[in-house]
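K.L.:
Once you've had a glance at the structure underneath, I'll fire off some questions.
Protein chains: 2
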Amino acid sequence: MEERISLAHGDGGELANQLIKELFIEAFGHREEAKLDAAILSLKAEKIAISTDSFVVHPIFFPGGNIGKLAVTGTVNDLAVSGAVPLYLTVGFIIEEGLSIYELREIVNSIAAEAKKAQVKIIAGDTKVVEKGKAEGVYINTTGLGVINRQQLHPETITVGDSVIISGTIGDHAIAILSARGELGIQTDLESDCASLNLMIQNVLQSTEHVKIMRDPTRGGLATSLVEISEDFNVTIELEETSLPIKEQVDGVCQILGYEPIYLANEGKVIFIVDSKDEQLVLSILQQHPLGKNARVIGKVKENTKSGLLMRTALGSTRRLDRLTGILLPRIC
Amino acid sequence: MEERISLAHGDGGELANQLIKELFIEAFGHREEAKLDAAILSLKAEKIAISTDSFVVHPIFFPGGNIGKLAVTGTVNDLAVSGAVPLYLTVGFIIEEGLSIYELREIVNSIAAEAKKAQVKIIAGDTKVVEKGKAEGVYINTTGLGVINRQQLHPETITVGDSVIISGTIGDHAIAILSARGELGIQTDLESDCASLNLMIQNVLQSTEHVKIMRDPTRGGLATSLVEISEDFNVTIELEETSLPIKEQVDGVCQILGYEPIYLANEGKVIFIVDSKDEQLVLSILQQHPLGKNARVIGKVKENTKSGLLMRTALGSTRRLDRLTGILLPRIC
Numbered sequence: 029m030e031e032r033i034s035l036a037h038g039d040g041g042e043l044a045n046q047l048i049k050e051l052f053i054e055a056f057g058h059r060e061e062a063k064l065d066a067a068i069l070s071l072k073a074e075k076i077a078i079s080t081d082s083f084v085v086h087p088i089f090f091p092g093g094n095i096g097k098l099a100v101t102g103t104v105n106d107l108a109v110s111g112a113v114p115l116y117l118t119v120g121f122i123i124e125e126g127l128s129i130y131e132l133r134e135i136v137n138s139i140a141a142e143a144k145k146a147q148v149k150i151i152a153g154d155t156k157v158v159e160k161g162k163a164e165g166v167y168i169n170t171t172g173l174g175v176i177n178r179q180q181l182h183p184e185t186i187t188v189g190d191s192v193i194i195s196g197t198i199g200d201h202a203i204a205i206l207s208a209r210g211e212l213g214i215q216t217d218l219e220s221d222c223a224s225l226n227l228m229i230q231n232v233l234q235s236t237e238h239v240k241i242m243r244d245p246t247r248g249g250l251a252t253s254l255v256e257i258s259e260d261f262n263v264t265i266e267l268e269e270t271s272l273p274i275k276e277q278v279d280g281v282c283q284i285l286g287y288e289p290i291y292l293a294n295e296g297k298v299i300f301i302v303d304s305k306d307e308q309l310v311l312s313i314l315q316q317h318p319l320g321k322n323a324r325v326i327g328k329v330k331e332n333t334k335s336g337l338l339m340r341t342a343l344g345s346t347r348r349l350d351r352l353t354g355i356l357l358p359r360i361c
Numbered sequence: 029m030e031e032r033i034s035l036a037h038g039d040g041g042e043l044a045n046q047l048i049k050e051l052f053i054e055a056f057g058h059r060e061e062a063k064l065d066a067a068i069l070s071l072k073a074e075k076i077a078i079s080t081d082s083f084v085v086h087p088i089f090f091p092g093g094n095i096g097k098l099a100v101t102g103t104v105n106d107l108a109v110s111g112a113v114p115l116y117l118t119v120g121f122i123i124e125e126g127l128s129i130y131e132l133r134e135i136v137n138s139i140a141a142e143a144k145k146a147q148v149k150i151i152a153g154d155t156k157v158v159e160k161g162k163a164e165g166v167y168i169n170t171t172g173l174g175v176i177n178r179q180q181l182h183p184e185t186i187t188v189g190d191s192v193i194i195s196g197t198i199g200d201h202a203i204a205i206l207s208a209r210g211e212l213g214i215q216t217d218l219e220s221d222c223a224s225l226n227l228m229i230q231n232v233l234q235s236t237e238h239v240k241i242m243r244d245p246t247r248g249g250l251a252t253s254l255v256e257i258s259e260d261f262n263v264t265i266e267l268e269e270t271s272l273p274i275k276e277q278v279d280g281v282c283q284i285l286g287y288e289p290i291y292l293a294n295e296g297k298v299i300f301i302v303d304s305k306d307e308q309l310v311l312s313i314l315q316q317h318p319l320g321k322n323a324r325v326i327g328k329v330k331e332n333t334k335s336g337l338l339m340r341t342a343l344g345s346t347r348r349l350d351r352l353t354g355i356l357l358p359r360i361c
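The following block contains the structure:
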C-alpha cells in the first residue's frame with residue numbers, strides 16, 4: 029500500500045478497494061456486511077435510538093486520544109445518555125489527500141479498539157478523499173444505533189428537589205485540545221477525558237429507576253446542557269459553584285485566560301438529574317467506576333418554572349447563566 | 029440570522045441553537061426528536077438495513093441538483109439496492125466558515141424536498157463548522173435506515189444465463205459535474221441524473237421474485253460495480269457494448285477526452301441481475317417509470333467461474349474490464 033492517501037483512494041476503484049480490504053475490513057471485521065451497499069441486521073427491540081455526529085477536531089492526535097477514539101466515544105455517549113444500549117456504528121471518513129497511511133491506520137485501529145471496549149460493532153463505512161488543504165487531515169462521521177428495551181428516563185417528571193450530578197471533572201477535553209494546539213501559551217500535561225460512558229451508565233440504570241434525564245456536556249459545556257434542559261422541560265436549575273469538580277490545571281488556565289470551566293467541552297462526562305432520594309445511590313455507583321471516581325452532586329432543580337440556569341457563587345451571590353454565546357472561547361470541536 | 033456561517037454557528041452555543049431551530053428543524057420537522065441526544069424510533073421489522081455515505085461533490089450546486097439532493101438520493105439508493113425500504117435518514121453537516129446562509133438554506137430545503145419525494149424522514153442531524161478553506165462550502169454525511177420484511181434478493185443464486193439490466197443512460201452525473209466545473213473545455217447542457225430510485229425499485233420487487241442482486245453504479249461506474257459482483261459471487265459477466273444506453277453528449281465528450289462511459293459515476297441508475305425469464309417483465313416495469321424509460325438489457329452472466337467482466341465490442345471482439353484504476357478520470361465524487 030502506498031504511504032500517503034491520494035485522490036485515487038477515494039474514487040471507488042482499485043486503490044479504494046485495496047484500502048477497504050487491507051485496512052478497514054481488517055480492523056473492523058465487517059467482511060460480510062461490506063458485500064452489499066448496506067449492512068443488514070436483525071434487531072429486535074421495543075425502541076431504537078439513532079444519533080449522528082461529525083468530528084473535525086484538530087490536532088487529530090492529542091493527549092488522551094485521537095479523532096478516531098473520539099468519534100466512537102462521542103456517538104456511543106450520545107446514545108447512552110438517551111437511555112439506549114449502543115450496539116452498532118457506521119463510520120464515514122473524509123480524508124485529506126496526503127494524509128499518511130500510517131496515521132490513518134493509527135486512527136482506524138483506535139476506532140476498532142474503542143469500539144471493542146464500548147462493546148459496539150462497526151457495521152458500515154465510507155471513504156472520501158478531498159484535495160490537499162480541503163480538510164484537516166481527516167474528518168469522521170459516526171452514526172450509532174442502540175436499543176431501548178425498557179423506558180428508563182423520565183424527563184417529564186423533573187421537579188423541584190431533584191439532584192444534579194456530574195460524573196467527574198469538567199473542562200479537561202477543551203483545555204487538553206487547546207494546549208495541544210499550542211494556542212494557550214501555557215504548557216499543561218492535561219489529557220482529554222474522552223471515554224465511552226455506556227457501561228458505567230448501564231450500571232446506574234440497572235440500580236435505580238429514578239434517573240430523570242442524562243446529558244453529555246460536550247460543545248457548550250455543562251452550562252449549555254443545563255440551559256437546554258431548563259428550556260425543554262420548564263424548570264430552573266441552581267448550581268453550587270463550590271461543588272463543581274475542576275482539576276487544578278484546568279482551573280489555573282481558566283483563571284489566567286478568563287475562560288469559564290462550565291462552558292468548556294467534555295468528552296467523557298455525563299450529567300444526571302435524579303430523584304434526590306437516589307442521589308447517594310447513584311453517586312456511589314459512579315464512584316466505584318474508574319470513569320466516575322470524581323462524581324459529585326453539583327446542584328438542584330430549584331423551581332418548576334423556566335427561569336433558566338442559576339449559579340450560587342463561592343461568595344453566596346447568585347448569577348444567571350446563559351448558553352455559550354460564541355465569543356467566549358476559541359473553537360475546540 | 030446572520031448572512032454567513034461563522035465558527036460560532038458550530039460551537040453548540042446560542043448561534044448554533046438558532047441555526048438548528050430556525051433552519052434545520054423548520055425544514056426537517058424533527059422538533060421532538062431533537063430534544064434528546066439521539067432520536068428514538070419504534071421500528072418493527074424482520075431485518076434492518078443501514079448505509080452511510082459522505083458527500084464532498086463540488087461545485088455544491090450543479091445542473092440537475094445540489095449536494096443536499098445528492099446526499100439524500102445517494103443513501104436512499106444504497107438502501108434500496110440492498111432490497112430495503114428506506115425510512116429514515118440522519119444528516120451531518122461539515123460547513124466551511126463563510127458559506128452564505130442563503131446557500132445553506134437552499135441545500136437544506138433540497139434535502140427536505142427530496143426526502144419527501146423519496147418518502148423518508150430526516151430524524152437526526154449534526155452541524156460542525158470548520159475554518160475558511162478547510163472544506164469546499166459544505167460536506168454532508170447521510171446515514172440511512174431501512175427495513176427488509178421479506179428477503180427479496182438472492183445473490184447466491186446468480187447463474188449462467190441471468191440478464192444484466194441497467195435502468196437508463198450511463199455517465200450523465202460525471203459529465204454534468206465535470207462540465208459544471210469548467211474542467212472539460214467543452215460546454216454541455218447535461219444534467220446530473222441524481223434521483224431517488226427506491227419507489228421504482230419497489231415496483232420491480234413487487235412484481236417479481238427473481239431479482240438476484242441490484243447495485244447503484246456510482247463511483248467507479250458500471251464497470252466497477254460489475255467487477256465487484258463478479259468477484260464477490262464468482263461469476264463471469266459479459267456486456268454488449270452496442271447495448272449500453274449512452275446520451276449523445278456523454279458519448280461525444282468521452283470520445284474527445286478519451287473517457288470510458290462505463291467508468292463514469294451515475295447517481296440515478298440501478299443495475300439489476302435477474303433470471304432471464306423475468307427480463308422482459310422487469311424491463312417493461314422500468315420503462316413505465318419516468319426514471320427507467322431508457323432501461324435496457326446490457327449483458328448476461330456468461331460463466332459460473334470468476335473470470336471477471338468482459339465486454340463484446342461493436343467490432344465483435346471481446347475485452348476484459350478491470351476496476352477503475354484511478355488514473356483514467358478527474359475526481360468527481
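In order, the protein sequences belong to chains A and B. To convert a position in the first sequence, counted from 1, into the numbering used here, add 28. To convert a position in the second sequence, counted from 1, into the numbering used here, add 28. We put the CB at the ideal spot given by N, CA and C, even for glycine. Keep in mind that this is a model prediction, so the values were computed, not measured.
#1: Is there contact between the region 303-317 of chain A and the region 230-243 of chain A, where contact requires at least three CB pairs shorter than 8 angstroms?
#2: I'd like the list of long-range same chain contacts for Glu31 (chain A), defined as Cβ closer than 8 angstroms, with 5 residues on each side in sequence excluded.
#3: Could you tell me the distance, in whole angstroms, from the CA atom of Gly165 (chain A) to the CA atom of Ser253 (chain B)?
#4: Pick from B:Leu35, B:Val104, B:Glu259: whose alpha carbon is nearest that of Glu42 (chain A)?
#5: Check whether the Cβ atoms of Glu307 (chain A) and Ser191 (chain A) lie closer than 8 angstroms to each other.
#6: Using alpha carbons as the reference points, say which of A:Asn137, A:Ala77, A:Val104, A:Ala55 lies closest to Asn94 (chain A).
#7: Find the residues of chain A that neighbour Asp244 (chain B), judging by a C-beta separation of less than 8 angstroms, and give them in chain order.
#8: Let me know if Ser345 (chain B) comes out buried or exposed under the rule of 16 or more other beta-carbons within 10 Å of its beta-carbon.
#9: Please classify Ala342 (chain B): is it buried, with 16 or more other beta-carbons within 10 angstroms of its beta-carbon, or exposed?
#10: Thinking Glu295 (chain A) and Thr101 (chain A) are a contact (beta carbons under 8 angstroms), I'd like their distance in whole angstroms, please.
#11: Who are the near neighbours of Met29 (chain A) in its chain, counting only those whose CB is closer than 7 angstroms to its CB and skipping five residues on each side?
#12: CB-CB under 6 angstroms to Gly153 (chain A), same chain, minus the five flanking residues each way: which ones, in chain order?
#13: Considering Cα atoms alone, identify which of A:Ser70, A:Asn332, A:Glu184, A:Tyr167 is closest to Val175 (chain A).
#14: I need the straight-line Cα distance from Phe90 (chain A) to Leu132 (chain A), nearest angstrom please.
#15: Please state the DSSP three-state secondary structure of Ser312 (chain A).
#16: Let me know the beta strand (DSSP E) ranges lying completely inside the region 177-255 of chain A, each 3 residues or longer, listed in chain order.
#17: State buried or exposed for Glu124 (chain A), treating a residue as buried only when at least 16 other CB atoms are found within 10 Å of its CB.
#18: Between the Cα of Pro289 (chain B) and the Cα atoms of B:Ile198, B:Leu309, B:Glu74, B:Arg340, which residue gives the shortest distance?
#19: Do Ser220 (chain A) and Asp65 (chain B) count as a contact pair if the criterion is CB distance below 8 angstroms?
#20: Grouping DSSP H, G and I as helix and E and B as strand, with all else coil, what is Ile76 (chain A)?
#21: Within 8 angstroms (strictly less), CB to CB, does Thr185 (chain A) reach chain B?
#22: Does any residue of chain B bring its CB to less than 8 angstroms from the CB of Leu349 (chain A)?
#23: Over what stretch of residues does the beta strand (DSSP E) that includes Asp154 (chain B) continue unbroken?
#24: Taking the runs of the beta strand (DSSP E) that are 3 residues or longer, which of them lie wholly in the region 252-295 of chain A?
#25: Can Ile194 (chain A) and Lys297 (chain A) be called in contact, C-beta distance under 8 angstroms?
#26: How big is the Cα-Cα spacing for Met339 (chain B) and Ala44 (chain A)?
#27: Quick check on Ile33 (chain B) - is its C-beta less than 8 angstroms from some C-beta in chain A?
#28: Does the CB of Met29 (chain A) have a neighbour CB from chain B at under 8 angstroms?
#29: Helix, strand or coil: which one does DSSP assign to Gly92 (chain B)?
#30: Based on the DSSP secondary-structure assignment, which residues constitute the bridge partners of Gly336 (chain A)?
#31: Going by C-alpha to C-alpha distance, which of B:Gly327, B:Arg348, B:Ala36 sits closest to Thr187 (chain B)?
#32: If we count the other Cβ atoms within 10 Å of its Cβ and call it buried at 16 or more, is Gly213 (chain A) buried or exposed?
#33: For Leu318 (chain B), count neighbouring Cβ atoms within 10 angstroms of its own Cβ and tell me buried if that reaches 16, exposed if not.
#34: Quick one: using the 10 Å Cβ neighbour count with 16 as the cut-off for buried, is Ser271 (chain A) buried or exposed?
#35: Let me see if you follow: with CB-CB separation under 8 angstroms, is Leu173 (chain A) close to chain B or not?
#36: Does DSSP put Arg347 (chain A) in a helix, in a strand, or in coil?
P.N.:
According to the data block:
#1: yes
#2: Ser128, Ile129, Tyr130
#3: 29 angstroms
#4: B:Glu259
#5: yes
#6: A:Asn137
#7: Asp65
#8: exposed
#9: exposed
#10: 6 angstroms
#11: Any reading at Met29 (chain A) is ruled out, since the residue's pLDDT is 49, under 50, leaving its predicted position unreliable.
#12: Phe52, Val119
#13: A:Ser70
#14: 14 angstroms
#15: helix
#16: 191-194, 239-243
#17: buried
#18: B:Ile198
#19: no
#20: strand
#21: no
#22: no
#23: 149-158
#24: 264-268
#25: yes
#26: 23 angstroms
#27: no
#28: The predicted model places Met29 (chain A) with a pLDDT of 49, which falls under 50 and marks its position as unreliable; any figure quoted below should be read in that light. So, not an interface residue.
#29: coil
#30: A:Thr264
#31: B:Gly327
#32: exposed
#33: A quick correction: the sequence has Pro, not Leu, at residue 318 (chain B). Classification of Pro318 (chain B): exposed, given that the 10 Å Cβ count is below 16.
#34: exposed
#35: yes
#36: strand
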